[in-house]
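**Q**
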Amino acid sequence: MSRPKKKTMTRLPRSPRGKAGGKAGKAGGKAGRQRRASPQAGRQRPASRQTGRKVKFQVPKGTFDILPNEQNYYERVSGVTKQLVSAYGFLPINTPIFEDVQLFEKGTGATTDVIQKEMYTFKTKGGDYFVLRPEFTPSIVRAYIEHGMKSWPQPVKLYSIGPIFRHEKPQAGRFRQFHQFNLEIIGEASPINDVLLIQLVTLIFKKLGIKGFNIQVNSIGCSDCRSDYKKLLIDYYRKQRRKLCRHCRERLKLNPLRLLDCKEEKCRQLANNAPQVIDYLCEECHNHFKEVLETLDELDIPYLLNPYLVRGLDYYTRTVFEFRLEDDSLLELAGGGRYDRLIELLGGKPTPAVGVAAGIERIISVLKSQDIKIPREVPPRIFLVHLGELGRKRSLKLFEELRNKGLKVAETLSKTSIKSQLKAADKSGAKIALILGQKEALENNIIIRDMKSGVQETVSIERVVSGVKKRLKK
RNA sequence: GUGCUCAUAGCUUAAAGGUAAAGCUCCGUUCUGUGGAAGCGGCGAUACGGGUUCGAUUCCCGUUGAGCACCCCA
Numbered sequence: 253m254s255r256p257k258k259k260t261m262t263r264l265p266r267s268p269r270g271k272a273g274g275k276a277g278k279a280g281g282k283a284g285r286q287r288r289a290s291p292q293a294g295r296q297r298p299a300s301r302q303t304g305r306k307v308k309f310q311v312p313k314g315t316f317d318i319l320p321n322e323q324n325y326y327e328r329v330s331g332v333t334k335q336l337v338s339a340y341g342f343l344p345i346n347t348p349i350f351e352d353v354q355l356f357e358k359g360t361g362a363t364t365d366v367i368q369k370e371m372y373t374f375k376t377k378g379g380d381y382f383v384l385r386p387e388f389t390p391s392i393v394r395a396y397i398e399h400g401m402k403s404w405p406q407p408v409k410l411y412s413i414g415p416i417f418r419h420e421k422p423q424a425g426r427f428r429q430f431h432q433f434n435l436e437i438i439g440e441a442s443p444i445n446d447v448l449l450i451q452l453v454t455l456i457f458k459k460l461g462i463k464g465f466n467i468q469v470n471s472i473g474c475s476d477c478r479s480d481y482k483k484l485l486i487d488y489y490r491k492q493r494r495k496l497c498r499h500c501r502e503r504l505k506l507n508p509l510r511l512l513d514c515k516e517e518k519c520r521q522l523a524n525n526a527p528q529v530i531d532y533l534c535e536e537c538h539n540h541f542k543e544v545l546e547t548l549d550e551l552d553i554p555y556l557l558n559p560y561l562v563r564g565l566d567y568y569t570r571t572v573f574e575f576r577l578e579d580d581s582l583l584e585l586a587g588g589g590r591y592d593r594l595i596e597l598l599g600g601k602p603t604p605a606v607g608v609a610a611g612i613e614r615i616i617s618v619l620k621s622q623d624i625k626i627p628r629e630v631p632p633r634i635f636l637v638h639l640g641e642l643g644r645k646r647s648l649k650l651f652e653e654l655r656n657k658g659l660k661v662a663e664t665l666s667k668t669s670i671k672s673q674l675k676a677a678d679k680s681g682a683k684i685a686l687i688l689g690q691k692e693a694l695e696n697n698i699i700i701r702d703m704k705s706g707v708q709e710t711v712s713i714e715r716v717v718s719g720v721k722k723r724l725k726k
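Everything in the first sequence is counted per this note's numbering, starting at 253 for the first residue and increasing by one.
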């Protein structure tokens, strides 16, 4: 009987785990055993804090090590992102990974889940109350205000790539420390900016080779039209309160907009007949949204208008959008929207802005499940083998000379036997080995060995660089 | 945070209420100036704590961690 592939594998293949994308699919043996999902390859066993003897340290829950053989995925995603967004005039910015708690309580919104349930907060010895950033935007806005970027040419286009922290229950595709790339366009109200961000994320995904994702857009209006709409919505739902699920009755009090994307069948039916935001947009919001959609059409970017799309952060106004996988996981890869009031809210002058964030681990999991190969760094082509004390000393010097000439060389200086060194050379995939022994060192010669054919030639040490280069070209 | 499922070496798997087995990897060696093959050997595990039992890695409970669903989100 063949082992059933884990359901998640097709949609959320192990993130980074080393050899693994493929292998991980086998997890869950016949006993249904589950393997750890986090990205890293090996990991330590859980710690016993009592005994003090068998203590083994492990990564904190929901976090993971990114081992060497995973790095190329991260480099690929951030590389493609940097390349594309800088071509579109985005400038890099780094902000601290922790900030004053109030920045997020105010910015992200005190009623949001992110703030209510998921913050990593800590008090410092000095009495400061900080939080590991649960998202980028408030930090970027803080920096915009703090450094007077309003006097830079507008709009200010900024990008960041880095870790984000949310104290959530981990699941596949959901971690407590993960990475995002984040784009913000601050200082200009034009809908072209909303579209630019959607386009950039699309371009990045396409360049990475990701298939099968869709873009959903909606407008939730400005505070004016939304508050009118909210009243209507609350009226509508109040009348049918009994038909709502338990959660939705809570939502009705706290965050009525969220009623719209409840997944309960009953609630969905109610939502279908509920008033839709886009029908109640004020004229300006309506025009803004219309132009967003028209521009998307003009650019041939396919999108789904989802009138029930509501995002979880308080600061959004007008345009909101999401990138999701089209399989049944519906995994959200990126999300964003306009936040025209946030700068003001955080103490700046009223300034329009729009932003987007994408989850790097989720993107990587898609790269793996879609079997998209990442170009690997080429291994060293040359392996330096030494023999005897003199050979060893000289080889270190030679190593630097070769490196200096732009050749990528590998070695195992710690090994002494020629056998184990050639074995290592073989494993490294090197095309040629340079053998520097006692005899060669004394005669100022070196042996060039073709690893494939085994053919060797002794050349004078001065000619080693040209000899190597000649052979590498073949 | 709630519910369900799960946990054997670095990886992939096996067995069993009575000393836990193998393949891959790694290291060494046969072969101290020549790798890839082969042989031999070595390292290395029942996540942690407790209970039942003559005996638990196996059964039970708790903890930790993971997977799934919900919640929410990147």
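Every residue, glycine too, gets a C-beta built ideally from N, C-alpha and C. Just so you know, these numbers come straight off a predicted model, no measurement behind them.
#1: Flag this pair as touching only if the stretch 616-636 and the stretch 588-601 have three or more C-beta atom pairs under 8 Å; answer yes or no.
#2: Can you tell me whether H399 is buried or exposed? The criterion is at least 16 other CB atoms within 10 Å of its CB, across all chains shown.
#3: Less than 8 Å between the C-beta atoms of T454 and I467, yes or no?
#4: Does DSSP classify I397 as helix, strand or coil?
#5: Provide the residue(s) that pair with H431 in DSSP beta bridges, ordered along the chain.
#6: Given a threshold of 16 other Cβ atoms within 10 Å of its Cβ, counted over all protein chains shown, does A276 qualify as buried or as exposed?
#7: Would you identify the three-state DSSP class for K375, choosing helix, strand or coil?
#8: Quick one: give me the first and last residue of the alpha helix (DSSP H) that S330 is part of.
#9: Which first and last residues belong to the alpha helix (DSSP H) in which R633 is found?
#10: Considering only DSSP beta bridges, list what Y381 is partnered with.
#11: Rounded to the nearest angstrom, how far is the Cβ of E370 from that of R426, given a contact under 8 Å?
#12: For K483, does the count of other Cβ atoms within 10 angstroms reach 16, so buried, or fall short, so exposed?
#13: Return the residue from the list V366, E327, R510, Q521 that minimises the CA-CA distance to V353.
#14: Can you tell me whether T364 is buried or exposed? The criterion is at least 16 other CB atoms within 10 Å of its CB, across all chains shown.
#15: Might you give, ordered along the chain, the residues of its own chain that have their beta carbon closer than 8 Å to the beta carbon of L642, omitting 5 neighbours on each side?
#16: Looking only at C-alpha atoms, which of T710, Q708, K671, R614 sits nearest to Q429?
#17: Under the assumption that H431 contacts I624 (Cβ atoms under 8 Å), give the Cβ distance between them as a whole number of angstroms.
#18: What beta strand (DSSP E) runs, 3 residues minimum, are completely inside the stretch 444-490?
#19: Over the uninterrupted alpha helix (DSSP H) stretch that includes A526, give me the two end residues.
#20: By how many angstroms is the C-alpha of R715 removed from the C-alpha of K657?
#21: Could you give the distance in angstroms between the alpha-carbon of P422 and the alpha-carbon of P312?
#22: Between the Cα of E629 and those of Y325, L665, I416, F316, spot the shortest distance and give me the residue it belongs to.
#23: Can you confirm whether the stretch 493-512 touches the stretch 645-662 when touching is taken to mean that 3 or more C-beta pairs between the two stretches lie within less than 8 Å?
#24: Output needed for A662: all residues of its chain with C-beta closer than 6 Å, excluding positions within five of it in sequence on either side, in chain order.
#25: Let me know the secondary structure DSSP gives E516 once reduced to three states.
#26: Sorted by chain position, which residues of the same chain lie with C-beta nearer than 6 Å to Y555's C-beta, five sequence neighbours on each side aside?
#27: For the alpha helix (DSSP H) containing N697, list its first residue and its last residue.
#28: Determine the direct distance from the alpha carbon of F465 to that of E546, and round the result to whole angstroms.
#29: Quick check on this structure: which residue in L659, T668, T710, K671 has the alpha carbon closest to the alpha carbon of L204?
#30: Would V608 pass as a contact of L435 if the rule is Cβ separation under 8 Å?
#31: Given D513, which residues of its chain have a CB within under 8 Å of its CB, disregarding the five upstream and five downstream residues?
#32: When you compare each of R570, N697, K675, Y396 to I595 by their alpha carbons, which one comes out closest?
#33: What residue range is occupied by the uninterrupted beta strand (DSSP E) comprising A610?
#34: By the three-class DSSP mapping on this structure, what secondary structure does R269 have?
#35: Using only the alpha-carbon positions, how far apart do F342 and E322 sit?
#36: Starting from G588, trace the alpha helix (DSSP H) in both directions and tell me its first and last residue.
**A** This is what the structure holds:
#1: no
#2: In the first sequence, the residue the question calls residue 399 occupies position 147. It counts as exposed.
#3: Locating residue 454 in the first sequence gives position 202, counting from the first residue. Locating residue 467 in the first sequence gives position 215, counting from the first residue. Result yes, Cβ atoms of T454 and I467 sit closer than 8 Å.
#4: As a working note, residue 397 is residue 145 in the first sequence. Helix.
#5: For the purposes of this step, residue 431 is taken as the residue at position 179 of the first sequence. Bridge partners of H431: P415.
#6: Taking the first sequence and counting its residues from 1, the one referred to as residue 276 is at position 24. Note that A276 scores 30 on pLDDT, short of 50, meaning its location in the model is unreliable; the coordinates nonetheless yield the value given after this. Classification of A276: buried, given that the 10 Å Cβ count is 16 or more.
#7: Counting from one through the first sequence, the residue named residue 375 turns up at place 123. Strand, per DSSP.
#8: Counting from one through the first sequence, the residue named residue 330 turns up at place 78. It spans 323-339 - the alpha helix (DSSP H) in which S330 sits, taken as one unbroken run.
#9: Position 381 of the first sequence, counted from the first residue, corresponds to residue 633. Here R633 belongs to no alpha helix (DSSP H), and DSSP marks it neither H nor E.
#10: Counting from one through the first sequence, the residue named residue 381 turns up at place 129. BP columns for Y381 point to K375.
#11: Along the first sequence, read from residue 1 onward, the residue named residue 370 stands at position 118. Along the first sequence, read from residue 1 onward, the residue named residue 426 stands at position 174. No, E370 and R426 are not in contact; Cβ-Cβ is about 11 Å, not under 8 Å.
#12: Residue mapping note: residue 483 aligns to position 231 of the first sequence, counting from 1. Classification of K483: exposed, given that the 10 Å Cβ count is below 16.
#13: Position 101 of the first sequence, counting from 1, holds the residue named residue 353. Looking at the Cα atoms, V366 is the closest of the given residues.
#14: Mapped onto the first sequence, residue 364 falls at position 112. It counts as buried.
#15: Within the first sequence, residue 642 is the residue found at index 390, counting from 1. Only Q690, A693, L694 meet the Cβ criterion.
#16: Here residue 429 corresponds to residue number 177 of the first sequence, with the count starting at 1. Minimum Cα distance to Q429 is reached at R614.
#17: For this step, residue 431 is matched to residue 179 along the first sequence. For this step, residue 624 is matched to residue 372 along the first sequence. At roughly 18 Å, the Cβ-Cβ gap does not stay under 8 Å, so H431 and I624 are not in contact.
#18: 465-471
#19: In the first sequence, counting from the first residue as 1, residue 526 sits at position 274. Careful: A526 lies outside any alpha helix (DSSP H) and carries neither H nor E.
#20: For the purposes of this step, residue 657 is taken as the residue at position 405 of the first sequence. For the purposes of this step, residue 715 is taken as the residue at position 463 of the first sequence. So the alpha carbons of these two residues sit roughly 13 Å apart.
#21: The count along the first sequence starts at 1 and reaches residue 422 at position 170. The count along the first sequence starts at 1 and reaches residue 312 at position 60. Looking at the two C-alpha atoms, the distance is approximately 11 Å.
#22: Your numbering for residue 629 matches position 377 in the first sequence. Out of Y325, L665, I416, F316, Y325 has the C-alpha closest to the C-alpha of E629.
#23: no
#24: Position 410 of the first sequence, counting from 1, holds the residue named residue 662. Within the same chain, A662 has close Cβ partners P632, F635, S680.
#25: As a position in the first sequence, residue 516 is number 264, starting the count at 1. E516: coil per DSSP, three-state reduction.
#26: Counting from 1 along the first sequence, the entry for residue 555 is found at position 303. Result list for Y555: I467, V469, L548, in chain order.
#27: What you label residue 697 is simply residue 445 of the first sequence in a count that begins at 1. That residue, N697, is in no alpha helix (DSSP H); its beta strand (DSSP E) goes 697-702.
#28: Here residue 546 is taken as the residue at index 294 of the first sequence, counted from 1. Here residue 465 is taken as the residue at index 213 of the first sequence, counted from 1. Looking at the two C-alpha atoms, the distance is approximately 21 Å.
#29: Given a span of 253 to 726 for the chain in the structure shown, any question on residue 204 remains unanswerable.
#30: The residue you call residue 608 lines up with position 356 of the first sequence. The residue you call residue 435 lines up with position 183 of the first sequence. Contact: yes.
#31: On the first sequence, residue 513 is found 261 positions in, with the first residue counted as 1. A523, Y560, L561, V562, listed in sequence order.
#32: One-based indexing of the first sequence puts residue 595 at position 343. Nearest of R570, N697, K675, Y396 to I595, Cα basis: Y396.
#33: As a working note, residue 610 is residue 358 in the first sequence. Looking at the DSSP string, the run of the beta strand (DSSP E) that includes A610 is 605-611.
#34: Locating residue 269 in the first sequence gives position 17, counting from the first residue. Summary for R269: the model assigns pLDDT 29, below 50, so the residue's position carries little reliability, and this model does not support an answer.
#35: Taking the first residue of the first sequence as position 1, residue 342 is located at position 90. Taking the first residue of the first sequence as position 1, residue 322 is located at position 70. Whole-angstrom Cα-Cα distance: 27 Å.
#36: As a working note, residue 588 is residue 336 in the first sequence. It is not in any alpha helix (DSSP H) - G588 instead sits in the beta strand (DSSP E) that spans 584-590.
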